[in-house]
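For the sequence shown, my numbering assigns the number 816 to the last residue and increments by one with no breaks.
Glycine residues also receive a C-beta, built at the ideal position from the N, C-alpha and C atoms.
Working notes, beginning with the structure itself.
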Amino acid sequence: MLGCRNFLSKAIRKRKKNKISNKKKKKRAVLKTLKITQKHEDSEEEEEETEGFSLKISAPSHSYGVQPLGNLLLSPNPTNSRNTGLGNLQSLSDELVLEILEFLEGTHLGILATVSKSFYVFCNHEPLWRNLVLKNYKGGFLFNGSWKSTFVASSCNGSYDVSHAIQSGLKVRDFYSDYLFQSWLCASLEMKHQWLERDNIPRRRGISVEEFILNFEEPNKPVLLEGCLDNWDALKKWDRDHLVQLCGDVKLAVGPVEMKLEDYFRYSDQVREERPLYLFDPRFAEKVPQLGLDYEVPVYFREDLFSVLGNERPDYRWIIIGPAGSGSSFHIDPNSTSAWNAIIKGSKKWVLFPPDVIPPGVHPSPDGAEVACPVSIIEWFMNFYEATKTWKRKPIECICKAGEVIFVPNGWWHLVINLEDSIAITQNYVSRRNLLNVLDFIKKPNAKELVSGTTDRINLYDKFRNAVEASSPGIIDQLVKKAEEKKAREKKFSFWESVKDSNAGAFKFSF
Ligand SMILES: O=C(O)CCC(=O)C(=O)O
306 MLGCRNFLSK AIRKRKKNKI SNKKKKKRAV LKTLKITQKH EDSEEEEEET
356 EGFSLKISAP SHSYGVQPLG NLLLSPNPTN SRNTGLGNLQ SLSDELVLEI
406 LEFLEGTHLG ILATVSKSFY VFCNHEPLWR NLVLKNYKGG FLFNGSWKST
456 FVASSCNGSY DVSHAIQSGL KVRDFYSDYL FQSWLCASLE MKHQWLERDN
506 IPRRRGISVE EFILNFEEPN KPVLLEGCLD NWDALKKWDR DHLVQLCGDV
556 KLAVGPVEMK LEDYFRYSDQ VREERPLYLF DPRFAEKVPQ LGLDYEVPVY
606 FREDLFSVLG NERPDYRWII IGPAGSGSSF HIDPNSTSAW NAIIKGSKKW
656 VLFPPDVIPP GVHPSPDGAE VACPVSIIEW FMNFYEATKT WKRKPIECIC
706 KAGEVIFVPN GWWHLVINLE DSIAITQNYV SRRNLLNVLD FIKKPNAKEL
756 VSGTTDRINL YDKFRNAVEA SSPGIIDQLV KKAEEKKARE KKFSFWESVK
806 DSNAGAFKFS F
């Protein structure tokens, strides 16, 4: 019987809060007890139906044999080597132990791993080695099957292949930890069919710009637009070989480092981790001008008032490349802009909540500058997706495929996970429909914390306002007047609506 069950008890994974303007957000999460079925590639058995979660066919078992804490209850031997091997440090949480280990360099981490079974498991935790590689070698590493092996190979200048020696870790049979187990689990879980099936976004093909403005941009509602990339060279030409050749030795932004595209693909082909590094570069068109020439802004998004700032505009366009499982956890787009996201290769699952509905498991700070959310996207699906089913205001969801564009209206929370290796272009923009929102946002007293994508956060408001006035005199006053008229109309309307709704069918006053 190759299927195995694991029992996760409650675990809390805490992460520092991130600035809301960052693309990736983290948080704390509570794990429920759950059952997991593992299906091996060579298994002839049918996959066991459980209440829930299946592992990816390609998922290896946990490298060091870590089991969820709940399994300890079923074990004939009640010893958790996690504790015995930590000595006096056993009262620290797993998270704290790992935070302390983050201070060590690779050699010391390697030595400490020999102290006990417990230190062996902790010191081999892959994210520790990932940090070391990124800190010491920046983007100049060749991924070698695991982060530890990449670190060792990079330290030896890649002079010998250590991948086999290091990847076959020793299995520790009696180490129980939800925190460490969860990290492996999230990297190994298949997206459940139930997480993918809801598709309630309006889809439109060939609509006019006026229809787009009237039905979607003005009311600030998402829409999926089909067929508007048909003339993009990118759609015809961009695949990984073409891009690798085009980009050559140019380095693109990948998380905290810059990497050659060829090296990034080497990593993304092999990686199996909870939060894969995501290529997200705002300077791609300056670095490789042909990339910028291979696409054009779809007709619906051509008005972009931030362009009056020329080179001083905040970052606004990104090439996005990532493997299945990579993506963007819940966030709102920067500076109150709206966005479009065009898929060139692969497909992405989107979940969007309107500005006044905070997604479950997401905790923005009162000033809006930071947000705490689940450590990984898959963890959000595991722990919070189900809750949205009973919510009155359901999220808008879809799978956006190659050749399609999604419109993300300003202020909407959104989460995105790549279902396959994906390549996309996204741009954030300001049209007349959201100019006042953007001005309000960048004028806030804590603009220094809130504004992003520019070094001159405090002066952005004055610069932008003056530049808009200079290029379109009177436009701001006109928009303010229009907004006030709309508000007055809505107020009047809601008064008559409430009167009409009264049961008596007549006027009903209350004092
Ligand atoms: O991962 C993605 O493609 C989504 C990107 C995104 O949400 C954003 O640019 O705001």
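Residues Glu608, Leu610, Ile780, Leu784 of the same chain have their beta carbon placed closer than 8 Å to that of arginine 737, with the five preceding and five following residues left out of the count.
Within 10 angstroms of the beta-carbon of isoleucine 663 lie fewer than 16 other beta-carbons, which makes it exposed. Fully enclosed beta strand (DSSP E) runs of no fewer than 3 residues occupy 632 to 636, 643 to 650, 652 to 658 of the region 630 to 662, in order along the chain. When Tyr481, Asn646, Asp767 are compared, the shortest CA-CA separation from valine 613 is found for Asp767. The beta carbon of asparagine 640 sits no closer than 7 Å to any heavy atom of ligand 1.
For arginine 387, DSSP records no beta bridge to any residue.
With a threshold of 16 other beta carbon atoms within 10 Å, serine 488 meets it and is buried.
Contact between the region 751 to 767 and the region 539 to 555 is not established, with fewer than three Cβ pairs separated by less than 8 Å. Taken through DSSP and simplified to helix, strand or coil, valine 667 comes out as coil. If you draw a straight line from the Cα of isoleucine 722 to the Cα of lysine 653, it comes to about 6 Å. By the criterion of a C-beta distance shorter than 7 Å, aspartate 586 is surrounded in its chain by Leu557, Ala558, Trp623, Ile624, once the five residues flanking it on both sides are discounted. According to the DSSP assignment, lysine 565 belongs to the beta strand (DSSP E) that extends over 562 to 565.
In the three-state reduction of the DSSP assignment, phenylalanine 570 falls in the helix class, which pools H, G and I.
Taking a contact as a CB-CB distance under 8 Å, the pair tryptophan 718 and valine 667 counts as one, their CB atoms being some 7 Å apart.
A distance below 8 Å between beta-carbons, with the five flanking residues on each side excluded, links histidine 430 to the following residues of its chain, in chain order: Leu403, Leu406, Leu485, Ser488. A distance below 8 Å between beta-carbons, with the five flanking residues on each side excluded, links leucine 741 to the following residues of its chain, in chain order: Ile781, Leu784, Val785, Ala788. For the 8 Å CB-CB criterion, phenylalanine 769 and leucine 755 do not form a contact. Of Leu744, Asn771, Val371, the smallest CA-CA separation from arginine 387 is found for Val371. Here DSSP, grouped into helix, strand and coil, assigns asparagine 441 to helix. If you compare the alpha carbons of Phe606, Ile682, Arg698 with that of phenylalanine 658, the shortest gap goes to Arg698. When DSSP states are grouped into helix, strand and coil, lysine 497 belongs to the coil group. Rounded to the nearest whole angstrom, the C-alpha separation of glutamine 499 and leucine 765 is 44 Å. Annotation: glycine 716 is outside any alpha helix (DSSP H) and is labelled neither H nor E by DSSP. In the structure shown, valine 420 falls within a coil segment according to DSSP collapsed to helix, strand and coil. Taking non-hydrogen atoms of ligand 1 into account, the C-beta of lysine 786 is found less than 7 Å away from none of them. In this structure leucine 534 does not touch serine 633 by the C-beta definition: roughly 20 Å separates them, more than the 8 Å allowed.
Under the Cβ criterion (8 Å, minimum of three pairs), the region 439 to 449 counts as touching the region 563 to 573.
Exclusion of alanine 775 from the 7 Å shell around ligand 1 follows from its C-beta lying no nearer than that to any non-hydrogen atom of the ligand. Secondary-structure assignment with DSSP links isoleucine 711 through a beta bridge to Leu529, Asn646.
When distances are taken from the beta-carbon of tryptophan 434 to the heavy atoms of ligand 1, even the shortest one reaches 7 Å or more. Nearest to valine 426 by alpha-carbon distance, out of Ala692, Gly474, Ser396, is Gly474. Taking all protein chains shown into account, leucine 414 has 16 or more neighbouring C-beta atoms within 10 Å of its C-beta and is therefore buried.
Secondary structure of isoleucine 512 (DSSP, three-state): coil. DSSP places isoleucine 506 in no alpha helix (DSSP H); its state is neither H nor E.
The Cβ atoms of tyrosine 621 and tyrosine 734 lie closer than 8 Å to each other. In the displayed model, arginine 577 falls within coil according to three-state DSSP, outside both helix and strand.
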